[in-house]
Amino acid sequence: MATRTIDIAIIGAGIAGLWAFNRLKRMGYDVLLLEREGIGAGQTLASQGIIHSGLKYAFAGKINELAHSISAMPDLWRTALKGDGAVDLSAASGAASSQYLLIPPGFMGGLIGLVSKKALGGNVTELAPEDWPDSIKQSGFNGSVIYMDEPVLDIAAIIRALAEPYKNCIRKIDSSDPFDYLRAHNINAKNVIFTAAQSNQEIAAVHGHDEGLKTQARPLLMGMMKNAPYPLYAHLVGPSEKPVATITTHKTQSGDLVWYLGGGVAERAKDDDPRKVYEACRKALKKYLPAVDLSAVQWAALPIDRIEGASGAKGWMPDTPTIHAAENTLYCWPTKLTFAPLLSDMILEHLQARGLSPSNHTSDFSDIPPVDYAPAPWDKTSWTSDN
Ligand SMILES: Cc1cc2nc3c(=O)[nH]c(=O)nc-3n(C[C@H](O)[C@H](O)[C@H](O)COP(=O)(O)OP(=O)(O)OC[C@H]3O[C@@H](n4cnc5c(N)ncnc54)[C@H](O)[C@@H]3O)c2cc1C
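According to numbering that gives the first Met the number 0, the stretch in the sequence shown is residues 0 to 386, in order.
Right, here's the structure in full:
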């Protein structure tokens, strides 16, 4: 086969690769996206799908660059969900348009609300009990409820909205060396963009691209509970800077409701005993949501790393996405799913600085095998009632 010269090869079909891929395709670049497992596998389908506005970080006393850089993101996502953004997510609906901070008595909810409002321009409101959503009214919660104007996404639907229009250009890679793989398929990519999370650093090292490159992996052992009684999107606030638990709601393929629990309950070594996570989840739910019946629920745990550029601050992430450039290659970490739009802006700046304009050509990649969508964590886990 004759050599195909394409504008860009992207390696890794998580949110970072998919957002950049869709945007570059729309602009007329000739792009191939290679994925080794399934579309969305990795952190993206395992994420809680919260589009942070920075409130959580402001609340944790981190009214810093991070809280400010992230505060512009919800509007970018909402615009994309309406079909008016740099990518078109109108085929995907959000899972929830907002979420709540649940603050027990004695934790100065009003003050927290004020601090956050001042920091981030008033996208939070303390709700009077009669205005609480039914889910919280039914939960037996006692304390202050803060409304947060932060959407929560249906990640599987977002992934499809980004991948489906250009599915022919998303293909499976079965080699650990993408450069070799491209050569073996007679593909000459003018630029290569790595959005392959933990693989980025390994590949950069093999190719001598890792000078000055530093990344970090922060482990989690996430909790999952089914059947959840109703959809709930809430941070259970405790005395420490991070929430006791953050709850989002997801549906299994067979229609069961799952509460997915992160935050304090999940901050532990990945190889810790999953029963410790179930116990921490139970304890938090009993304390904050005492009316929820846990007698017949099932549990599962997901060990996973968050992979990002090194922040320098122990236990924290960087303030923005990270890009490490070497030759015609970019190694990229979004830091948060929320930052995918900002990462794609940064990628475009690099490409434009290199003088790469769209060829307005679409190469044929039908000689490379296609790749499927990955299953969500709650669809591939083993559930237990034994806890
Ligand atoms: C439990 C959890 C909850 C989270 N919740 C949130 C949240 O609510 N809001 C938020 O903003 N952020 C959240 N995050 C962070 C967010 O999920 C990540 O920052 C984001 O998904 C990273 O996207 P990515 O595309 O860089 O990586 P990934 O989603 O990990 O994608 C990398 C892809 O590259 C593929 N790949 C790896 N190696 C290779 C290779 N050699 N060749 C080809 N393909 C390869 C993988 O299979 C994978 O599909 C959460 C993270 C975790 C772990």
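Even for Gly, the Cβ is constructed at its ideal location relative to N, Cα and C.
This one's a predicted model, so the numbers in the text were calculated from it and none came from an experiment.
Query, Result
"beta-carbon residue 368 near ligand 1 non-hydrogen atom, thresh 8 Å", "no"
"Ranges of the alpha helix (DSSP H) found wholly within the stretch 187 to 235, counting only runs of at least 4", "197 to 205"
"For residue 252, three-class secondary structure by DSSP", "coil"
"Selection from 178, 133 and 304 that minimises the alpha carbon distance to residue 207", "178"
"Integer-rounded CB distance, given that residue 358 should sit under 8 Å from residue 6", "5 Å"
"Any non-hydrogen atom of ligand 1 within 8 Å of residue 7 CB", "no"
"Beta-carbon contacts of residue 241 that lie in its chain and below 8 Å, excluding the five residues immediately before and after", "59, 262, 263 and 266"
"Contact under 9 Å by Cβ, residue 37 with residue 373", "yes"
"Reference residue 258, options 353, 25 and 376, closest by Cα", "376"
"First through last residue of the beta strand (DSSP E) which encompasses residue 34", "30 to 34"
"Pairwise C-alpha distance: residue 31 and residue 321", "22 Å"
"Whole-number beta carbon distance between residue 296 and residue 232, since they are thought to touch under 8 Å", "The Cβ separation is near 18 Å, so there is no contact."
"Bridge-paired residues (DSSP) for residue 125", "145"
"CB contact flag (residue 8, residue 162, <9 Å)", "no"
"Proximity test, residue 198 beta-carbon vs ligand 1 heavy atom, cut-off 8 Å", "yes"
"Cβ distance (whole Å) where residue 170 is taken to contact residue 33 below 8 Å", "6 Å"
"Sheet register partners of residue 42 (DSSP bridge)", "Looking at the DSSP assignment, residue 42 forms no beta bridge with any residue, so it has no partner."
"Proximity winner among 384, 278, 380 and 360, relative to residue 3 (alpha-carbon distances)", "360"
"Delimiting residues of the alpha helix (DSSP H) encompassing residue 22", "14 to 26"
"Residues near residue 332 in its chain [Cβ-Cβ closer than 6 Å; skip 5 each side]", "307, 308 and 321"
"Beta carbon of residue 139 nearer than 9 Å to that of residue 290", "yes"
"Euclidean distance between Cα positions of residue 349 and residue 329", "8 Å"
"Where residue 0 falls, given that 16 or more other Cβ within 10 Å makes a residue buried", "exposed"
"Spatially closest choice to residue 103 from 335, 125 and 95, by CA coordinates", "125"
"Three-state secondary structure assigned by DSSP to residue 158", "helix"
"Strand pairing of residue 322, partner residues [DSSP]", "331"
"Beta-carbon gap between residue 45 and residue 221 smaller than 9 Å", "yes"
"Assumed close pair residue 99, residue 147 - CB separation to whole angstroms, cut-off 8 Å", "6 Å"
"Contact check, residue 340 vs residue 91, beta carbons under 9 Å", "no"
"9 Å Cβ cutoff met for residue 337 and residue 158", "no"
"Contacts around residue 273, its chain only, beta-carbon distance under 6 Å, and the 5 residues preceding and following it disregarded", "300"
"C-beta contact flag for residue 19 and residue 154 at 9 Å", "no"
"Under 9 Å between C-beta atoms of residue 13 and residue 48", "no"
"Completely contained alpha helix (DSSP H) runs for the stretch 336 to 386, where each covers 4 or more residues", "339 to 352 and 376 to 379"
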